[in-house]
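Written out below as structure tokens is the structure these notes cover.
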């Protein structure tokens, strides 16, 4: 039966980690704290190594509001720096992609080499009195690690090692992503009116696959779908047992029996979720990497990459692109629907229409169990010092309202 | 005025109207049996263009049939074109270059531009019957995308 205001607004009569307060998605203070406590502290996917194929190649990105430049040196090492001139703070690299032996700031022409050392100060004699010299004006280095072609960065110099952070969460990616050279052939963005966590949730809670006709027909209806188990890794990561998807169940599509990536069975589906907001999904022949950039509590930029085998024939690439686009392309049948789902939730969350999201499914860790989400938010809570279900800590106060059983 | 070019302009415009109206059956009637359709876009991060959609006539038909089953962005799309150039190919068909601006109007009447690009069409008007669209290549400048379109531009 329908509920009155008190019943609707009260915390569900569920364990604390079985629901999420809508404020977790809508509060600006929480987003600012997420930037400081999560994005500035955790390892974060930045780009793929294939985006930096040659010495001097660089990429720029916004990481939790901090401009970053990632550059491949002449020694083939990938390095990352805050993309800010030591002089007056200007952005140095102003393009998303480029190549430079030296990074030169367009404002006063200070320049930096690929190691981040300051190589040139314009009219240095003007700084003699104060002792500003090139050896003291290097760029701010950012920790960077490359694993299976994925480039991760961390703004926290005292962070745990990447290997400690990720553990064996990327194990399922080793064969398909670590055997042959891959390259990004697709990169598009979507500006979503939704919170960044809501997007990551779509890559964790498979219960929403009922909403996609393409997933219902090719996956949910397939034997073994519900019997896969989630592996809950420490630090908020997750991976799922594989599934052989029946792409040919969808009208007009063929099965994916050829061009299979190394280590996979035909049409095999794998997913690895990395805290806080990166997911790698493999669909037999092609790979997708999702990551997001939060702009505001209800505004997120989704960045979506498709990967194939580097140097493959044009015909093979065409097949892989088709497979990518069928599910994940801008005109594809799956990913764009997820955006509509999360935007619909945000619309209700925005002004307090919705109060809570329930993550209470228990299916023995099988594919539509919500434990993957509960584990994620327990880690979130650890970083934030707040409960995702009670971010303001009012549940134990006199103002607490708890729904009747 | 070049009557032939005028009829080609009208023909290209009519294909846009049919797509706007989601009259996909009649749109396909305007397409040649060997019709090919492709959408390409450029990502500033990548050196090579991306193919976002590619179908032959049969693939388009299958795509259209599944549209009603999908979760879609609500509202209507208007494909506004300006034909910039018509030139005759060696085989007598015409290559038509048009500027495309696709606009979306939501159910509450708010409109916005969702895509900018070009159509590169090949129109076959050699026979005495109505022209046919032999090929359409949509070259997008937009790569920040809107969700749930499911329909070709």
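Chains as they are written, first to last, in my numbering: chain Z, 1 to 405; chain V, 1001 to 1153. Just so you know, even glycine gets a beta-carbon here, dropped at the ideal spot from N, CA and C. As the structure is a computational prediction, the values presented were derived from the model and not from experiment.
- Bridge partners of residue 186 of chain Z according to DSSP: Z:306.
- Cβ-Cβ distances below 6 Å link residue 283 of chain Z to 269 in the same chain, with the five nearest sequence neighbours on each side left out; the list follows chain order.
- Only exposed fits residue 136 of chain Z, as fewer than 16 other CB atoms lie within 10 angstroms of its CB.
- Under DSSP, residue 225 of chain Z takes part in no beta bridge, so it has no partner.
- Scanning chain Z for C-beta atoms nearer than 8 Å to the C-beta of residue 1149 of chain V yields 330, 331 and 336, reported in chain order.
- Look at residue 93 of chain Z here: in three-state DSSP terms it is coil, with no helix or strand label.
- Taking 8 Å as the CB threshold, residue 1109 of chain V stays off the interface with chain Z.
- Under the three-state reduction of DSSP, residue 1070 of chain V is assigned to coil, being neither helix nor strand.
- In this model, residue 152 of chain Z and residue 379 of chain Z are separated by some 19 Å (Cα to Cα).
- In the displayed model, residue 165 of chain Z falls within a helix according to three-state DSSP.
- Taking 8 Å as the cut-off, the beta carbon of residue 364 of chain Z is found no closer than this to the beta carbon of residue 22 of chain Z.
- For the C-beta of residue 236 of chain Z, not a single chain V residue is nearer than 8 Å; the gap to the nearest is close to 26 Å.
- Boundaries of the alpha helix (DSSP H) harbouring residue 197 of chain Z: 196-202, taken from the DSSP string.
- Counting only residues of its own chain and dropping the five nearest sequence neighbours on each side, residue 395 of chain Z has a CB closer than 7 Å to the CB of 11.
- Contact with chain V is found for residue 97 of chain Z, since one of that chain's Cβ atoms lies less than 8 Å from the residue's Cβ.
- For residue 116 of chain Z, the closest of Z:52, Z:310 and Z:71 by C-alpha to C-alpha distance is Z:71.
- With a threshold of 16 other beta carbon atoms within 10 Å, residue 1114 of chain V meets it and is buried.
- Distance from the CA atom of residue 100 of chain Z to the CA atom of residue 1067 of chain V, rounded to whole angstroms, is 46 Å.
- When 7 Å is used as the limit between beta carbons, residue 1045 of chain V is near these residues of chain Z: 51, 59, 96, 97 and 187, in chain order.
- Annotation: the continuous beta strand (DSSP E) that includes residue 1038 of chain V extends over 1031-1041.
- Checking the DSSP bridge columns, you'll see residue 44 of chain Z partnered with Z:153.
- In the DSSP assignment, residue 235 of chain Z falls outside any beta strand (DSSP E) and carries neither an H nor an E.
- The Cβ neighbour count for residue 391 of chain Z, taken over all protein chains shown within 10 Å, is at least 16; the residue is labelled buried.
- Bounds of the beta strand (DSSP E) holding residue 1117 of chain V are 1111-1124.
- Note that the C-beta distance between residue 214 of chain Z and residue 325 of chain Z is not below 8 Å.
- Within the DSSP secondary-structure output, residue 296 of chain Z pairs in a beta bridge with Z:299.
- Distance from the CA of residue 123 of chain Z to the CA of residue 35 of chain Z, rounded to the nearest whole angstrom, comes to 38 Å.
- Between residue 222 of chain Z and residue 328 of chain Z, the alpha-carbon positions lie close to 20 Å from each other.
- In summary, residue 1041 of chain V is buried, with 16 or more beta-carbon neighbours lying within 10 Å of its beta-carbon over all protein chains present.
- In the pairwise beta carbon analysis, the region 69-83 of chain Z is classified as touching the region 139-158 of chain Z: at least three pairs are separated by under 8 Å.
- For the region 62-93 of chain Z, the set of residues with a beta-carbon nearer than 9 Å to any beta-carbon of chain V is empty.
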